[in-house]
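Data block below; observations after.
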Ligand code: 5AD
Ligand code: SF4
Ligand code: FES
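Set out below in structure tokens:
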């Protein structure tokens, strides 16, 4: 593609938030050295929509038990080399309260697909709401629809459930025993009952093509996602994809920039996975459309046991260290940490 054609497509995306599958594919397939204009217009759109405000979401990784066997993930059930842990209700609540004291306005309760009792999650949500007032995001994988409803009524604000890939064949290949349809139906149901929904993809999964990533963006538009994230695939030794190639910073940035142009009102995180393959990864994403960072507040004794991929950053840090580090990164880019909860920009 020549520069003239790139400019035409980027301008169209910028003006109309709309491109067809072929157009998105050709931008994703272009060399990053030709795409300065794409990244620049995504940054401009981010500034129009979000100004220089960056939202922080504090993540508590409260259990690494998982009943699933996703091909790429180190927490998969068949990984016997991992010591499993599960925080008690009181520990989770205390961690959330500590996050609130550090100034966080959103807490993300994240785990593998553990069978943590529904009623206990409900109590945790209520207690965190009552004592901190923080916004609460759940990131617990697929549960039954009745549980989603109970937790929403208990005060959970958002649900993060990545669709990982929009290609049904690839999805079902890498997620044994899971159905793509149920994934999408879950997201639709969560939205219907009032959650702000976040989803996202793994970039450069083996077998993934620019066409498939274009489908990911079109699907994300259709789902009216309130948040869309993307992180590079990082092979984990104890998984079936151990020998596959690591995803690229370039593709992740192209996807991030197109996310901002095609879903202008979405929150877009600069992901930890991108920060893992490139020390400047999160900064680069924040300059290519992203407006969110999700620092870890998990007690440091558990961090090394939540390595969904190897080399994950912040393993030896404490919650306060990460808060400071992120504050520094954001300030160094001339941006500032938001003072509000950072609810969906769609309403
Ligand atoms: N590389 C990158 N991202 C991964 N995830 C899981 N395993 C990997 C990996 N090897 C992401 C998935 C999942 C979340 C737990 O982390 O997107 O939703
Ligand atoms: Fe479990 Fe999530 Fe990892 Fe899949 S990606 S194995 S559901 S923790
Ligand atoms: Fe954890 Fe930088 S965010 S050390």
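In this note's numbering, the protein residues as written are 2 to 348. C-beta atoms are modelled at their ideal positions from N, C-alpha and C, and glycine is treated no differently.
DSSP beta-bridge partners for residue i?
i           : result
residue 165 : 202
residue 231 : 202
residue 110 : 61 and 139
residue 270 : 293
residue 197 : 159
residue 24  : In the DSSP output, where bridge partners are listed per residue, residue 24 has none listed.
residue 337 : 54
residue 87  : 64
Going along the chain, which residues of its own chain have a beta-carbon closer than 8 Å to the beta-carbon of residue i, five neighbours each way excluded?
i           : result
residue 247 : 205, 233, 234, 235, 236 and 278
residue 336 : 53, 54, 55 and 287
residue 351 : Because the chain here runs from 2 to 348, residue 351 falls outside it and cannot be looked at.
In chain order, what residues of the same chain have a beta carbon less than 7 Å from the beta carbon of residue i, not counting five sequence neighbours either side?
i           : result
residue 341 : 106
residue 148 : 119
residue 305 : 316
residue 314 : 273, 276 and 277
residue 209 : 166 and 171
residue 15  : 42, 46 and 262
residue 44  : 288, 289 and 290
Assign residue i to buried or exposed, taking buried as 16 or more other Cβ atoms, counted over all protein chains shown, within 10 Å of its Cβ.
i           : result
residue 168 : buried
residue 32  : exposed
residue 112 : buried
residue 297 : buried
residue 282 : buried
residue 164 : buried
residue 311 : exposed
residue 146 : exposed
residue 332 : exposed
residue 3   : exposed
residue 280 : exposed
residue 243 : exposed
residue 285 : buried
residue 230 : buried
residue 142 : buried
residue 308 : buried
residue 183 : exposed
residue 290 : buried
Going by the beta-carbon positions, is the gap between residue i and residue j smaller than 9 Å?
i           : j           : result
residue 348 : residue 215 : no
residue 219 : residue 260 : no
residue 70  : residue 176 : yes
residue 19  : residue 266 : no
residue 156 : residue 127 : yes
residue 187 : residue 162 : yes
residue 250 : residue 57  : no
residue 123 : residue 151 : yes
residue 239 : residue 28  : no
residue 24  : residue 10  : yes
residue 50  : residue 110 : no
residue 63  : residue 88  : yes
residue 30  : residue 59  : no
residue 42  : residue 12  : yes
residue 94  : residue 129 : yes
residue 160 : residue 134 : no
residue 73  : residue 203 : yes
residue 153 : residue 195 : yes
residue 65  : residue 303 : yes
Put residue i into one of helix, strand or coil per three-state DSSP.
i           : result
residue 159 : strand
residue 81  : coil
residue 11  : helix
residue 154 : helix
residue 325 : helix
residue 4   : helix
residue 102 : helix
residue 16  : helix
residue 242 : coil
residue 72  : coil
residue 298 : coil
residue 280 : coil
residue 308 : coil
residue 342 : coil
residue 175 : helix
residue 317 : coil
residue 120 : helix
What does a CB cutoff of less than 6 Å around residue i pick up in its chain, not counting 5 residues either side in sequence?
i           : result
residue 301 : 319
residue 67  : 76, 78, 113 and 114
residue 327 : 294 and 296
residue 241 : 72
residue 189 : none
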